[in-house]
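Below is one structure, written out as C-alpha cells, with a few remarks after it.
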Amino acid sequence: MSLLTYINKPVFTSAVQQQLRKWYGDLQGVHWWEFVRQNIDRECFRTDIDPTLWDQFLMDVAAQYPKSRHALNVMKAAVDAKSTTYFLPGRQFAPSAPQLYRYMLLDQFITYSTDISGVDMPTAKKMIDDGRITGTRMEGRVFGKQIGGRNYAVWCADDSLASETQGEKARDRLGLKHIAGGYILEIEYPLNLLRARNMKICPPTVPDVVAEGADNWIWVKNRKAGGPGWGYTVDMTGGGAGAEGIPEALHAPFTVGAGEGAGIRLRVLDPFSKTAPQMDHGQMVTNAGL
Amino acid sequence: MAGVVLVEPPVEPPLSQAVRALANLDSASVAEAVWIRLMGDAEAFGLPALHPQEERVAIFVQVYEYGDNGQVNRNLRQACVSLLDQHKETVYGEDLSQRWALGEVCYLSARIQSLNALKPLLEIAFLSRHFNTGERESFLRRVLGSLIGILGSVRGGGPGNVEQATRIFEECLELENCRLLALTGLIGLWPERRSEYLGRVPINEEDLDVNLTLAGFLPLETLEARWPKVR
Chain F
-1 MSLLTYINKP VFTSAVQQQL RKWYGDLQGV HWWEFVRQNI DRECFRTDID
49 PTLWDQFLMD VAAQYPKSRH ALNVMKAAVD AKSTTYFLPG RQFAPSAPQL
99 YRYMLLDQFI TYSTDISGVD MPTAKKMIDD GRITGTRMEG RVFGKQIGGR
149 NYAVWCADDS LASETQGEKA RDRLGLKHIA GGYILEIEYP LNLLRARNMK
199 ICPPTVPDVV AEGADNWIWV KNRKAGGPGW GYTVDMTGGG AGAEGIPEAL
249 HAPFTVGAGE GAGIRLRVLD PFSKTAPQMD HGQMVTNAGL
Chain L
673 MAGVVLVEPP VEPPLSQAVR ALANLDSASV AEAVWIRLMG DAEAFGLPAL
723 HPQEERVAIF VQVYEYGDNG QVNRNLRQAC VSLLDQHKET VYGEDLSQRW
773 ALGEVCYLSA RIQSLNALKP LLEIAFLSRH FNTGERESFL RRVLGSLIGI
823 LGSVRGGGPG NVEQATRIFE ECLELENCRL LALTGLIGLW PERRSEYLGR
873 VPINEEDLDV NLTLAGFLPL ETLEARWPKV R
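As they're listed, the protein sequences go chains F and L.
The opening position of the first sequence corresponds to residue -1 in this note's numbering, with each subsequent residue numbered one higher.
The opening position of the second sequence corresponds to residue 673 in this note's numbering, with each subsequent residue numbered one higher.
Below you can see the structure in the form of C-alpha cells.
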C-alpha cells in the first residue's frame, strides 16, 4: 500500500493529506529517495507500528512540512520534536531463538569496554581470541548508545552470521557500507537480558532510522504484509540491486548488570580492507526480492 | 511550491567521498567539519551521509586508516588539537551534546595518533578529574582512556607531561569507576612503582596487565608469560 492510499482515511484532515502528498512527491525522481519512499509505503501496509502512533507521526511530518528544506529532515524534525514518543515505536515481537547478535567495529568495542583509545587492533583481537577480554568487561556499562541524555536504538540480528568468519562477508551481508576496513566484532547475548528488564525487541521502523539523522538509506523493511517482525538488511554481496540480507531488529540500550557479562560471548571476525560493493538504488527499488 | 531542494546523493563509496571532501579543506576547516558532523549536520562540507548504525566519528577513523592521503591525515591530527583547545571549556558546560562531542574528539585524537593533542588532553583531564557521576564520569573515563592511549604511544611524552599526568591519575584513584584506568596510567608511566600503587588500590592484576598491553605500555609477550592463555 502506498502512503497516498493510506492517508485516505478520516483521521487525516484534507489539509494534512495535502501536505503529506507534497512531501511524498518530494521523494520522487531520485532513486535514492524512492528507496526511502518504498520503506515508508511498507510502513503503511505492515503493522510493525501501532497505527495510531504511525498516524500521529505522519501528522507531525505534515506539520513540519515544509519548514525543513530537505524531505528527510522533515521526518527528522518530527522525531526530534517528540524524541521519547518516537523512540522505538515498533511493537514488540518474540524471536524464536534465545540469542541475539550485535555487530560493531572492534575498535569501538575496545574503547567502550576498556575506555582505552588508540589500541593496536591485532593485539585487541588476540585478547578476545584468548579470552582475556570477555563480556564481563561490559558489566556496569551501557550496552547501546546514549548521547546528551537521549537513547538511541540498538541494532541487532538473528543468528544468520553466527558461523561466518570473514569480516568482509559479514559487512556485506549486514549492509554496513560505511565500513571500508577493520575488524568486526560479534557480540552474542541472551534475549533474556531484555526479558529480565521487561524490554521489548521490536522491528526497525522509519522513525528509528531517521532519529539520528541517518540519511544513508540502505535498510529495508520486510516486504511481506503483517508484523510486528524482523526487518532485513540489504545484502550488498553482489552489489547493484542487492538482495534480502539477514533479519534485524531493535531494542533500547541497557546497563549490563553484575554477573550478566558471563553470558555474553565475543568473537572477532577476520580483518579486511576493501570498500563495500557499489550499490545501485535504482536497481534496488525495482528489485522484487528486496 | 514545496520549497524543497532535491539533490542527487553521490553514488561513490563513503570512504572516497569523505577523502575527496576533506582533501579540499585546510586543517581549520577540517576541524569545523569534524565538529559539525559530531554536533548535527553529518553531511556538511560534502561528507557522506550517516548509515543508521554508524558512529558519527567513525568516518574520520576510516579515512585515517584506509583513505591513503597523508595530507588529509595530517590535517585531521591538527584538527583534533585545535578542537580540544577550542572546546575545552565545554567540560563545565550544561550542554551534554557538546561534552559528548568533545569526548569523541578525545577518542579520535588517540585513535589517529594526534600526538600534539597530549597537552590539551591533559588540560581537559585536569578540568574533569573530579567528575564522579553519570554522564560526566563517562566523559572523564573517555578522556583518561584517550590520554592513556597517547601516553602509551609516546611512552611518556616528556617529563612535564608525565608529571602532570601522574598528578591527574593519582587523584582519579579516588574515583571507584576510574581506578583501573588510573592505575593503568600510573603503572604505565612508572612500572617500577607497581607494588606501591597496587598496595594503595587493590585491583584485578590480570585486567590491569591487559589494559597496560592494550595501551602499549606492556609487551604482549610479557602479558602472556604472566597470565597463560585461558582458552
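Cβ atoms here follow ideal geometry from the backbone N, Cα and C, with glycine treated the same way.
For clarity, every value in this text was computed on a predicted model and none was experimentally measured.
9 angstroms Cβ cut-off: residues of chain L touching residue i
i               : result
K175 of chain F : P685, P686 and H723
L56 of chain F  : Here the premise fails: no neighbours, minimum Cβ distance about 17 angstroms.
L288 of chain F : Neighbours of L288 of chain F on chain L: none; closest Cβ ~16 angstroms, over 9 angstroms.
L98 of chain F  : Chain L residues near L98 of chain F: none, gap ~15 angstroms exceeds 9 angstroms.
Local Cβ density within 10 Å of residue i, reported as buried at 16 or more and exposed below that
i                : result
G675 of chain L  : Residue confidence is low: G675 of chain L scores 44 on pLDDT, short of 50, so the model does not pin down where it sits. Its coordinate-derived value is still stated next. Looking at its Cβ environment, which holds fewer than 16 other Cβ atoms inside 10 Å, G675 of chain L is exposed.
M(-1) of chain F : exposed
P120 of chain F  : exposed
V677 of chain L  : Note that V677 of chain L has pLDDT 47, beneath the 50 cutoff, so the model's placement of it is unreliable and the number below is only indicative. V677 of chain L is exposed by the Cβ-count criterion.
P686 of chain L  : buried
N883 of chain L  : buried
E715 of chain L  : buried
S867 of chain L  : exposed
A887 of chain L  : buried
R865 of chain L  : exposed
K74 of chain F   : buried
V753 of chain L  : buried
Contacts that residue i makes with chain L (C-beta to C-beta distance below 8 angstroms)
i               : result
G236 of chain F : Within chain L, no residue comes near G236 of chain F; the closest Cβ sits about 16 angstroms away, beyond 8 angstroms.
V207 of chain F : P724
M125 of chain F : V882, T885 and L886
I131 of chain F : V882
V1 of chain F   : The sequence given here has Leu at residue 1 of chain F, not Val. In chain order: nothing, as chain L lies at least about 16 angstroms away.
Neighbouring residues, chain F, relative to residue i (Cβ below 7 angstroms)
i               : result
A714 of chain L : G211
A782 of chain L : S115 and G116
E727 of chain L : Q106
I796 of chain L : Simply none; closest approach about 13 angstroms.
R865 of chain L : The premise fails here: R865 of chain L is roughly 20 angstroms from chain F at the closest Cβ pair, so nothing lies under 7 angstroms.
Proximal residues of chain F, C-beta to C-beta of residue i below 8 angstroms
i               : result
G817 of chain L : T109, T112, D113, I114 and S115
N883 of chain L : T112 and I114
I731 of chain L : H176
E877 of chain L : By Cβ distance, chain F contributes nothing, its closest Cβ being about 12 angstroms from E877 of chain L, past 8 angstroms.
P720 of chain L : H176 and N214
R749 of chain L : Simply none; closest approach about 12 angstroms.
R813 of chain L : D113
Residue of the options minimising C-alpha distance to residue i
i               : options                           : result
Q144 of chain F : F:A209, F:G243, F:A223 and F:R19  : F:A209
D78 of chain F  : L:G712, L:K901, L:Y779 and L:C850 : L:G712
D233 of chain F : F:G116, F:S158 and F:L183         : F:S158
V218 of chain F : F:R35, F:N71 and F:K20            : F:R35
I796 of chain L : L:N876, L:R783, L:F811 and L:N804 : L:F811
R746 of chain L : L:A789, L:T885 and L:G832         : L:A789
G821 of chain L : L:P831, L:A837 and L:R808         : L:A837
L104 of chain F : F:Q276, F:T284 and F:L264         : F:L264
S688 of chain L : F:K175, F:Q16, F:F252 and F:E246  : F:K175
A256 of chain F : F:V266, F:L191, F:P205 and F:A247 : F:L191
S699 of chain L : L:N741, L:A705, L:A751 and L:H723 : L:A751
G253 of chain F : F:I262, F:V140, F:D268 and F:D113 : The amino acid at residue 253 of chain F is misidentified as Gly; the sequence shows Thr. Taking only the C-alpha atoms, the option nearest T253 of chain F is F:V140.
Neighbour list for residue i in chain F, Cβ cutoff strictly below 9 angstroms
i               : result
I708 of chain L : By Cβ distance, chain F contributes nothing, its closest Cβ being about 12 angstroms from I708 of chain L, past 9 angstroms.
L880 of chain L : Ordered by position in chain F, no residue passes the 9 angstroms Cβ test against L880 of chain L, which lies about 11 angstroms from the chain.
Y736 of chain L : Neighbours of Y736 of chain L on chain F: none; closest Cβ ~11 angstroms, over 9 angstroms.
I859 of chain L : Within chain F, no residue comes near I859 of chain L; the closest Cβ sits about 14 angstroms away, beyond 9 angstroms.
S825 of chain L : G116
P874 of chain L : Result: empty, since nearest Cβ-Cβ is about 17 angstroms, beyond 9 angstroms.
E807 of chain L : Q144, G146 and G147
G821 of chain L : T109, I114, S115, G116 and V117
Cross-strand partners of residue i (DSSP beta bridge)
i               : result
P245 of chain F : F:Y230
N696 of chain L : Answer is none; N696 of chain L lacks a bridge partner.
R44 of chain F  : F:G224
Y99 of chain F  : F:A155 and F:E186
R801 of chain L : Paired residues: none, contrary to the question.
V266 of chain F : F:L183
R148 of chain F : F:I145
M277 of chain F : F:G238
V140 of chain F : F:T253
S271 of chain F : F:G179
C778 of chain L : For C778 of chain L, which the question treats as bridged, DSSP gives no partner whatsoever.
Chain-ordered chain L contacts of residue i [CB-CB under 7 angstroms]
i               : result
W217 of chain F : P724
T121 of chain F : T885, L886 and L892
L18 of chain F  : Near L18 of chain F there are no residues of chain L at all, since even the closest Cβ is about 12 angstroms away, more than 7 angstroms.
Contact with chain C by residue i, beta-carbon distance below 9 angstroms
i               : result
L853 of chain L : The question asks about chain C, but that chain is absent: this structure's protein chains are F and L.
Chain L contacts made by the segment 134 to 161 of chain F, where a contact means CB separation under 7 angstroms: I145, G146, G147 and W153
Interface positions of the segment 759 to 788 of chain L facing chain F (Cβ-Cβ less than 7 angstroms), listed along the chain: L768, S769, W772, Y779, A782, R783 and Q785
Near-chain L residues of the segment 260 to 274 of chain F - C-beta to any C-beta below 8 angstroms: S271, T273 and A274
Residues in the segment 176 to 207 of chain F having any Cβ partner in chain L nearer than 9 angstroms: H176, I177, A178, G179, G180, P202, D206 and V207
Short-range partners of chain L found in the segment 32 to 53 of chain F, where Cβ spacing is below 9 angstroms: none
The segment 71 to 103 of chain F: positions lying closer than 9 angstroms to chain L by Cβ: V72, Y101, M102 and L103
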